[in-house]
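Participant: One structure follows; several queries about it will come next.
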Amino acid sequence: MNGSSHELDVERSRSHPRDQASWLSKITFFYTLKSFIKIYKKPLEEDDLYQVPSDLKSQNLVDELEKHIKNDIIFNENLCLYRVLWKWYGVQYFCIGIMQLIARTISIITIPMYIGKLVSFFDPIQHHITKNEAYTYVFIIVGLNVLNCLYLHNYLLLVYGLSIKIRAAFCSLIYRKVLKLKPDSLMKVTPGKITTLIQKDVGILQEMVRLFNDFLIGIAQAFIVGYCVYE
């Protein structure tokens, strides 16, 4: 009983700090400070490593994926992985894309605009921009860049986290299916095919999740910037 209690305490102590962090600590990454302080004092050891965040545990992810696959087979004649992915993470991925489009559009319009106003202040001919206004532009530019940097790292964490979830779920699903194969069926599947499926095919799916939003956003931004330049 005492051994089980000790193991539970060790498990809790190694739990990822992000799981218990507040929303402010998450968006500012303050929950990582403890790790940096620990590294500064002494080299990291195996006991210092945290567990995987609760939302990235492969067992939960593959269970969710299997549930969506079974539902897709029940309601549709043929299984479509893209349809499964859309029902699983489509809304979240779409919201992340809209958020990125708004944030990047604001940054590419406002930051150059205020930089242009600040540069105009140093024109000896101009007299409409005062010194106080120039200081205001400096603070706005610095503030926008700080917010943009903070947002960018949170966005990358969201996208990379989502792509890792999908990769972990599909790799775990392949592993489960291989374990359930009968000896006769297993003889027909070479280790090279399984390795290719995990390394190449699932890797391509992960990269698509990571980059597809930026591809669509780049096209939208090209039209927005073109419209602004034309006007």
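UniProt numbering numbers the first residue of the sequence shown as 1 and each following residue consecutively. Glycine is no exception: its CB is placed at the ideal position from the N, C-alpha and C atoms.
Going along the chain, which residues of its own chain have a beta-carbon closer than 6 Å to the beta-carbon of residue 117, five neighbours each way excluded?
Facilitator: On the sequence shown, position 117 is the one that residue 117 refers to. Result list for residue 117: 137, in chain order.
Participant: Closer than 7 Å by C-beta to residue 139: which residues in its own chain qualify, once you throw out the five before and the five after it? Chain order, please.
Facilitator: Here residue 139 is taken as the residue at index 139 of the sequence shown, counted from 1. Closer than 7 Å at the Cβ level, and outside the excluded window around residue 139, lies no residue.
Participant: Out of 192, 166, 185 and 182, which one is the CA nearest neighbour of residue 57?
Facilitator: Taking the sequence shown and counting its residues from 1, one reaches residue 57 at position 57. Distance from the Cα of residue 57 is smallest, within the candidate group 192, 166, 185 and 182, for 166.
Participant: With a Cβ-Cβ cutoff of 8 Å, do residue 217 and residue 100 count as a contact?
Facilitator: Position 217 of the sequence shown, counted from the first residue, corresponds to residue 217. Position 100 of the sequence shown, counted from the first residue, corresponds to residue 100. The answer is yes: Cβ separation under 8 Å.
Participant: Helix, strand or coil for residue 32 per DSSP?
Facilitator: Within the sequence shown, residue 32 is the residue found at index 32, counting from 1. Residue 32 falls in the helix class under three-state DSSP.
Participant: What separation, rounded to the nearest whole angstrom, lies between the Cα atoms of residue 1 and residue 15?
Facilitator: For the purposes of this step, residue 1 is taken as residue 1 along the sequence shown, with counting starting at 1. For the purposes of this step, residue 15 is taken as residue 15 along the sequence shown, with counting starting at 1. Reliability of the predicted coordinates at residue 1 is poor, the pLDDT of 44 falling under 50, and the value obtained from them is presented with this limitation in mind. Taking the straight line from one Cα to the other gives about 21 Å.
Participant: Enumerate in chain order the residues of its own chain whose CB-to-CB distance from residue 38 is below 8 Å, with the five nearest sequence positions on each side excluded.
Facilitator: What you label residue 38 is simply residue 38 of the sequence shown in a count that begins at 1. Once the five neighbours on either side are set aside, the close Cβ partners of residue 38 are 44 and 48.
Participant: Taking residue 102 as the reference, give the member of 125, 151 and 229 with the closest Cα.
Facilitator: As a first step, residue 102 is located in the sequence shown; it is residue number 102 there, counting from the start. Measuring from the Cα of residue 102, the nearest candidate turns out to be 151.
Participant: Smallest Cα separation from residue 221: which of 31, 98 and 34?
Facilitator: Stepping through the sequence shown from its first residue, residue 221 is reached at position 221. Nearest option by C-alpha distance: 98.
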